[in-house]
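Following: one structure in structure tokens, then a few remarks.
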Amino acid sequence: MKVPSYHVILVEPAFEESIGFVARVMKNFDLNTLHLVNPAITLGSQGRMRGAHAQEILDNMKIQSSLSDAIRDLDFAVGTSAQKAHSSSNLIRKPMSPKELASVVSSHTGKIGIVLGREGTGLNNHELSLCDAVVTIPTAEAYPTLNISHAAAIIFYELFQSEPSNNTEELASQAVRETIILYLSESMKTVGAEDYKIGLTARAMRNIMGRSAIRRREGSLIAGAFRQISQAFSGQRAIAGSNPGPALVNVRLED
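FYI, the numbering for the sequence shown is 3 to 257, going by my numbering.
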């Protein structure tokens, strides 16, 4: 039975102990791939001590200069936040709970990233916007912020105990999801929609795709439909005046 491949990503950790504790929790729940984004410190004896029996994870962790680099090859990235909702250009983005996240991704295969923010400030709005979905752990309103390794443990537990489906399906690739956004935006532009409306609609579509974790077949069909709509509106076989780049032009869409 195929199961998702999880990648844990720590953004700008400031304390080596945090790295060790997260690695230890990863070991508890059978997760093995750790990424550090622009770490403020170097892992030393204190971090390794906190890592306990997770030394192999620490030995093989990967260092990246930006979150964009860390998630580039993933099929689905989930940001973590203590806030219960996020507003992007007047559009509320509702986060999932860890249990909801587990139920969404357990029936899929592919590389899934769990992005954990800084110890003091978490992930900023731009970093959250790079993620396909956001997860929030329900806590008391008087003190909603969890220690990074405690939050990681709760999320990892839900992922670990969720039952994989016998009918797992591949997630739509990032290239296919971006193709959907491209043709949707071009269609709206062709019919004279204002830029802010195009941006809001694109954000709404990203939210929908994130919360549903669309499958490869679904993504391909939707992208193909929007491509035909865009071409019909523009009156030609190619999108006039746009340059989506080779990663999007060469995306293979299923019939």
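Cβ coordinates follow ideal geometry from the N, Cα and C atoms, glycine included.
Computed from a prediction, not measured in an experiment: that's the story for all the values here.
Check for me: the beta strand (DSSP E) holding residue 65 runs from which residue to which? According to the DSSP assignment, residue 65 belongs to the beta strand (DSSP E) that extends over 64-66.
Just checking my contact of residue 155 with residue 182 at CB under 8 Å: how many whole Å lie between their CB atoms? Not confirmed; about 35 Å, so no contact.
Measuring only the C-alpha atoms, how far is residue 202 from residue 136? 18 Å
Inter-residue Cα distance where the pair is residue 161 and residue 184: 32 Å
DSSP three-state call for residue 138: helix, strand or coil? coil
With a threshold of 7 Å, establish whether the CB of residue 160 neighbours any heavy atom of the ligand GTP. Judged by which ligands are present, the structure shown has none, so any question about the ligand GTP falls away.
How far does the alpha helix (DSSP H) with residue 8 in it extend, from its first residue to its last? Taken as a continuous stretch (DSSP letters only), residue 8 belongs to no alpha helix (DSSP H), being part of the beta strand (DSSP E) at 7-13.
Contact check, residue 73 vs residue 29 under 8 Å by CB: the rounded distance? 23 Å between Cβ atoms; not a contact.
Closer than 7 Å by C-beta to residue 67: which residues in its own chain qualify, once you throw out the five before and the five after it? Chain order, please. 40
Terminal residues of the alpha helix (DSSP H) in which residue 181 lies: Boundaries of the alpha helix (DSSP H) around residue 181: 176-192.
Are the CB atoms of residue 12 and residue 24 nearer to each other than 8 Å? yes
Residue 116 bridges to which residues according to DSSP? Beta-bridge pairing links residue 116 to 10, 80.
Report the CB separation of residue 112 from residue 78 in whole angstroms; it is logged as a contact under 8 Å. 6 Å
Tell me the DSSP secondary structure of residue 201 in three-state form. helix
Ordered along the chain, which non-local residues of its own chain (more than five positions away) have a Cβ less than 7 Å from that of residue 6? Close CB contacts of residue 6 within its chain, under the 7 Å cut and outside five residues either way in sequence, are with 107, 110, 111, 112, 114 (chain order).
Beta-ladder partner(s) of residue 111, from DSSP: 172
Could you pull out every residue in the same chain whose Cβ sits closer than 7 Å to the Cβ of residue 17, ignoring the five residues on either side in sequence? 43, 121
Could you pull out every residue in the same chain whose Cβ sits closer than 6 Å to the Cβ of residue 52, ignoring the five residues on either side in sequence? 19, 22, 23
Work out the CA separation of residue 83 and residue 171 for me, nearest whole Å. Distance between the alpha carbons of residue 171 and residue 83 is about 27 Å.
Going by the beta-carbon positions, is the gap between residue 174 and residue 218 smaller than 8 Å? yes
My output table needs one value for residue 128: the three-state DSSP class, helix, strand or coil. helix
Tell me the residue span of the beta strand (DSSP E) that contains residue 38. Its beta strand (DSSP E) spans residues 35-39.
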